[in-house]
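**Student:** This is the structure I want to talk about, given as structure tokens.
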Amino acid sequence: MVIPKFRMFSSLMMAISLVAFSSIAFAQTTTTRSASSRSVASGEKMKIKGVVTRRDADTFIIRDSNGVDTTVRLDDRTSVKANGGFLRSGSNYAQTQILRGLNLEVEGRGNASGDLVAEKIRFAESDLRVARAVESRAAPLEDRATNTESKLTQVEQNAQRLSGQMDELSAVANTAKGGAKAAQETADAAVSGVNTTNDRISALDDYVPQTVLAVNFKVGSAVLSPDSKTKLDEVATKALNAKGYVVEVSGFADATGSVERNRALSQRRADAVIRYLVENHNIPLRRIVTPYGYGESHPVADNTSRTGRAENRRVEVKLLVNKGLMQKAPTMTTSSSGE
């Protein structure tokens, strides 16, 4: 099993590199992007193999082996499945599973905008696992990089202001009897402010739970109840009023039935929660950690009782907020004295 593990590791590294490169390439000029993009004629049938480099709500960009990008549009008729094995049909997947770094094949026809409207999307289960690993690591890193860059700019501005204040304090200390004490107090406040800012930057890598809730489901069902929708409405309102947040969604099932059936059922429940948050509250996909179905593992109650099984049929939703952004910015005070 050494060779398959090595191949999967190589695929993971290649996918991470491609996602990072696509983020840089997207920031280049429009002329550069159009030179490597493909426009599909209206009605033209086309099949493309490549890697997903960008994902939006109902579109994604696929890059083929020649480095040419094509915009693919999804609709209600798009079939998303994993490739099946010998005498076995592949599993169906929700459109939310089309992630950056996923190696896939798409077949469809062009529309009036030059996009490829997808009819069939196929990929390997192993490639999906690689893409999930890439997405779970890439999205938080991108948010952290953006937040860190903004905070570093603020630190530079604070440092310039502090430098001017220190010069003024030196002059006061040399000309006033009480200037030395005032200068020391202000200098201490300045150092404290810089230290606080540095602590905030260090905390940008950490996320803390602001809201944790569970929505429950009926036996064998992935349909949200009115009570579950009310809970999701509340967490969506909190998310849209927060800064630097991500939403983590995990699906679970009770121990009734087979392990594989429960794993698939828990994934459908997680996808149902994601779909409700995106379609009803416009939560951006980049704010949602890739949903995962744990099946009957991680129970919160005893599966031998009816009440316990009801508690285990759930989806856990966690609203995580960037720890650094939750901390208050330092305030600078200047005191003076004289005779």
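Note that the working numbering numbers the sequence shown so that position 282 is 1517, with each residue one more than the last. No residue lacks a Cβ here, since even glycine has one placed at the ideal position from N, Cα and C. All of these numbers come straight from a predicted model, not from anything done at the bench.
So which of K1473, L1448 and Y1511 has the shortest CA-CA distance to A1457?
**Tutor:** Y1511
**Student:** Based on the DSSP output, what are the partners of G1336 in its beta bridges?
**Tutor:** Note: G1336 sits in no beta bridge, so no partner.
**Student:** First and last residue of the alpha helix (DSSP H) that includes Q1502?
**Tutor:** V1494 to H1516
**Student:** Using only alpha-carbon positions, find the residue among A1474, R1541, S1532 and A1276 that is nearest to L1500.
**Tutor:** S1532
**Student:** What is the rounded straight-line gap between the Cα of L1404 and the Cα of A1417?
**Tutor:** 8 angstroms
**Student:** Quick check for students: name the residue ranges of the alpha helix (DSSP H) that lie wholly in the segment 1438 to 1497, counting only runs of 4 or more.
**Tutor:** 1461 to 1475
**Student:** Would you be able to state if there are at least three C-beta pairs under 8 angstroms between the segment 1467 to 1474 and the segment 1484 to 1496?
**Tutor:** Touching, no, given that fewer than three Cβ pairs across the two stretches are closer than 8 angstroms.
**Student:** Since R1335 contacts R1289 with CB under 8 angstroms, what's their CB separation in whole angstroms?
**Tutor:** 7 angstroms
**Student:** Looking at G1345 and E1279, is the spacing between their C-beta atoms short of 8 angstroms?
**Tutor:** Between E1279 and G1345, the gap from beta carbon to beta carbon is short of 8 angstroms.
**Student:** Determine the direct distance from the alpha carbon of A1317 to that of N1327, and round the result to whole angstroms.
**Tutor:** Straight-line Cα distance between these residues: approximately 7 angstroms.
**Student:** How would you call A1505, buried or exposed, if buried means at least 16 neighbouring beta carbons within 10 angstroms?
**Tutor:** A1505 comes out buried.
**Student:** How many whole angstroms separate the CB atoms of S1274 and D1304, which I take to be in contact at a CB cut-off of 8 angstroms?
**Tutor:** That belief does not hold up - the Cβ atoms of S1274 and D1304 are roughly 11 angstroms apart, past 8 angstroms.
**Student:** Tell me whether the beta-carbon of R1549 lies closer than 8 angstroms to the beta-carbon of F1452.
**Tutor:** yes
**Student:** Locate the alpha helix (DSSP H) running through R1308, then write down its first and last residues.
**Tutor:** Segment D1304 to R1308 is the beta strand (DSSP E) holding R1308; no alpha helix (DSSP H) there.
**Student:** In terms of DSSP beta bridges, what is T1388 paired with?
**Tutor:** DSSP lists no partner for T1388.
**Student:** Out of A1359, L1554 and D1291, which one is the CA nearest neighbour of A1575?
**Tutor:** The chain is shown from 1236 up to 1574; residue 1575 falls before or after that span and cannot be answered.
**Student:** Spatial neighbours of I1297 within its chain, please: C-beta separation below 8 angstroms, excluding the five flanking residues on both sides.
**Tutor:** I1283, G1285, V1286, V1287, T1288, D1304, T1305, V1307, L1339 and V1341
**Student:** Count the other CB atoms within 10 Å of the CB of E1514; is the residue buried (16 or more) or exposed (fewer)?
**Tutor:** exposed
**Student:** Taking Cβ positions, are T1331 and I1518 nearer each other than 8 angstroms?
**Tutor:** no
**Student:** Could you check where the beta strand (DSSP E) with N1547 kicks off and where it finishes?
**Tutor:** Per DSSP, N1547 belongs to no beta strand (DSSP E); it is in the alpha helix (DSSP H), R1541 to N1547.
**Student:** Smallest Cα separation from V1407: which of T1525, V1369 and E1420?
**Tutor:** E1420
**Student:** What's the gap between the Cα of T1267 and the Cα of T1294?
**Tutor:** The predicted position of T1267 is uncertain, since its pLDDT is 41 and thus under 50; a value taken from the coordinates is nonetheless stated next. Near 21 angstroms, if we compare the C-alpha coordinates of T1294 and T1267.
**Student:** Alpha carbon to alpha carbon, how far is V1454 from S1540? Give it in angstroms, no decimals.
**Tutor:** 14 angstroms
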